[in-house]
Amino acid sequence: MISVTGLSKRYGSHLAVKDVNFNIEKGEVIGFLGPNGAGKSTIMNILTGYLSLTQGKVEIDGFDITENPEEAKKRIGYLPELPPLYMDMKVREYLDFVYDLKKVKFPKKAHINEILKLVKIDDVQNRLIKNLSKGYRQRVGFAQALIGNPDVLILDEPTVGLDPKQIIEIRNLIAKLGKNHTIILSSHILSEIQSVCKRVIIINQGEIIADDISENLSAKLSSDLSLVARIICSENEMLETLKTVKDVKSVVCLGCKENGSFDFLIEPEDNCDIRAAVFERVVSRGKTLLSLTSNSASLEQVFLKLTEVADNDEARKMLGTQNNYEEEN
Ligand code: ADP
Ligand code: MG
Numbered sequence: 005m006i007s008v009t010g011l012s013k014r015y016g017s018h019l020a021v022k023d024v025n026f027n028i029e030k031g032e033v034i035g036f037l038g039p040n041g042a043g044k045s046t047i048m049n050i051l052t053g054y055l056s057l058t059q060g061k062v063e064i065d066g067f068d069i070t071e072n073p074e075e076a077k078k079r080i081g082y083l084p085e086l087p088p089l090y091m092d093m094k095v096r097e098y099l100d101f102v103y104d105l106k107k108v109k110f111p112k113k114a115h116i117n118e119i120l121k122l123v124k125i126d127d128v129q130n131r132l133i134k135n136l137s138k139g140y141r142q143r144v145g146f147a148q149a150l151i152g153n154p155d156v157l158i159l160d161e162p163t164v165g166l167d168p169k170q171i172i173e174i175r176n177l178i179a180k181l182g183k184n185h186t187i188i189l190s191s192h193i194l195s196e197i198q199s200v201c202k203r204v205i206i207i208n209q210g211e212i213i214a215d216d217i218s219e220n221l222s223a224k225l226s227s228d229l230s231l232v233a234r235i236i237c238s239e240n241e242m243l244e245t246l247k248t249v250k251d252v253k254s255v256v257c258l259g260c261k262e263n264g265s266f267d268f269l270i271e272p273e274d275n276c277d278i279r280a281a282v283f284e285r286v287v288s289r290g291k292t293l294l295s296l297t298s299n300s301a302s303l304e305q306v307f308l309k310l311t312e313v314a315d316n317d318e319a320r321k322m323l324g325t326q327n328n329y330e331e332e333n
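Heads up, the sequence shown is in the numbering used here, so the first residue is 5 and it goes up one at a time.
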């Protein structure tokens, strides 16, 4: 549905996007995750035809955004970081205006009614946009993106500035729209992306440093099956005991984190699940196991770790490969 090859964008002397490549299949909901200034909005603006590209190729449903902008743009609904709302218009009036601008062919009244219902703003359709709350305004932004029923929705930081309740509402709306749209959603907040997107593209300093299913990203940066056990015991005795548990490769004592107990980092042999064996051994020695937790990195940690590394090649090395998503598919 979306194909991006060798995309670069230069603002004057500043190379904001560097040789970016990805493909998005019809129906995918994917997240662009990256710190402020990473280049997310720039890429989105290029995909939607709002900004010209310096180098590379972008195709939407087979239509080249540079050579065939009309056809390409027809397939995209765009919610920019700052939605282009006219504050002195009423909601319905504004949507009628966007409908005319987009030269949509569907029956006007029915089409707009359907969208008003879908994004739940039919009750405010006769209110002035300037009198709406931020959450409602954002819904009007969604509504304008949906006019013309485009296959692809591009949403640039759609929950910025909303309160927690509004964020949940917008998330639910995105999940609903994801059932019959291809969606790209950007955010600098991880939980935002994690809650609605299966696949994540991490962008840092204008480059893609990761493109994968979010669980794979976490797994890659940590030996997923290693454990941290908190046990009430004497340190050295337990250290030796744990080392003799079946399939345990190494044990390190992490010290005393809670009075009377010690934390042990237990690394298993490749792909072995040692939880039951560790539990049984501790109990059989008459000791108390206070907790047993997975040491796997959360996506949050992965994200911080990757974007803290100054060098993008270094970050990719931490992930083991250049681009796993592409390889697996
Ligand atoms: P993000 O959306 O990830 O926060 P942007 O795409 O807005 O990142 O910005 C990427 C980089 O390009 C930043 O360094 C930003 O300062 C720069 N940039 C963005 N827009 C312009 C512009 N119109 N002119 C010059 N530099 C820009
Ligand atoms: Mg941005």
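Virtual Cβ for every residue (Gly too), placed ideally from N, Cα, C.
Note that the coordinates shown come from a computational prediction; the quantities given were computed from them, not determined experimentally.
H185 sits buried, since 16 or more C-beta atoms from the chains shown fall within 10 Å of its C-beta.
Relative to the ligand ADP, G43 has its C-beta within less than 6 Å of a heavy atom.
With a cut-off of 6 Å, the C-beta of Y15 is classified as near the ligand ADP, since at least one heavy atom of the ligand falls inside that distance.
Residue N135 holds the alpha-carbon nearest to the alpha-carbon of D92 among K30, N135 and K124. In the three-state DSSP reduction, P272 falls in the strand class (E or B). At a cut-off of 4 residues, the continuous stretches assigned as alpha helix (DSSP H) that sit fully inside the segment 147-204 are 168-181 and 194-200. Looking from the CA of P111, the closest CA among I151, I205 and K138 belongs to I151. Per DSSP, I47 is one residue of the alpha helix (DSSP H) stretching across K44 to L51. The nearest non-hydrogen atom of the ligand ADP is less than 6 Å from the C-beta of G38. Proximity of the beta carbon of A214 to the ligand ADP is not indicated: no heavy atom of the ligand is located closer than 6 Å. Secondary structure at S295: strand, using DSSP grouped into helix, strand and coil. Per DSSP, the continuous alpha helix (DSSP H) segment holding V286 begins and ends at R279 to S288.
Shown here, E211 sits in a strand according to DSSP, grouped into three states. Boundaries of the beta strand (DSSP E) harbouring V8: I6 to Y15, taken from the DSSP string. For Y82, the enclosing beta strand (DSSP E) begins and ends at I80 to L83. The beta carbon of S191 sits closer than 7 Å to the beta carbons of G35, L37, E161 and I197 from its chain, once the five residues preceding and following it are set aside; these are given in chain order. V204 and A179 have their C-alpha atoms spaced approximately 15 Å apart.
Pairing D277 with I172, the inter-Cα distance amounts to about 36 Å. Minimum Cα-Cα distance from L229 among the listed residues K169, E211, I212 and S298 corresponds to S298. Comparing C-alpha distances from K61 to each of K247, V24 and G81 shows the shortest one belongs to V24.
Nearest to N316 by alpha-carbon distance, out of I212, N27 and I64, is I212. Rounded to whole angstroms, K169 and I116 show a C-alpha spacing of 26 Å. When only Cα atoms are considered, D68 and I188 end up about 18 Å apart.
Contact between N240 and T311 fails: their C-beta atoms lie close to 40 Å from each other, not under 8 Å. In this structure, A147 is the residue among L308, P73, A147 and R320 with its C-alpha nearest to the C-alpha of E97.
Annotation: the continuous alpha helix (DSSP H) that includes D104 extends over V95 to L105. Boundaries of the beta strand (DSSP E) around E63: Q59 to I64.
Annotation for N240: the continuous alpha helix (DSSP H) segment containing it runs E239 to K247. Counted as a single uninterrupted DSSP element, the alpha helix (DSSP H) harbouring N117 occupies residues K112 to L122. In the DSSP assignment, K253 falls within the unbroken beta strand (DSSP E) covering V252 to G259. For A149, the distance from the CB to the nearest heavy atom of the ligand ADP is not below 6 Å.
Annotated three-state conformation of V232 is strand, per DSSP. Note on geometry: alpha-carbon atoms of L258 and L269 lie some 7 Å from one another. Not a single heavy atom of the ligand ADP lies less than 6 Å from the C-beta of T163.
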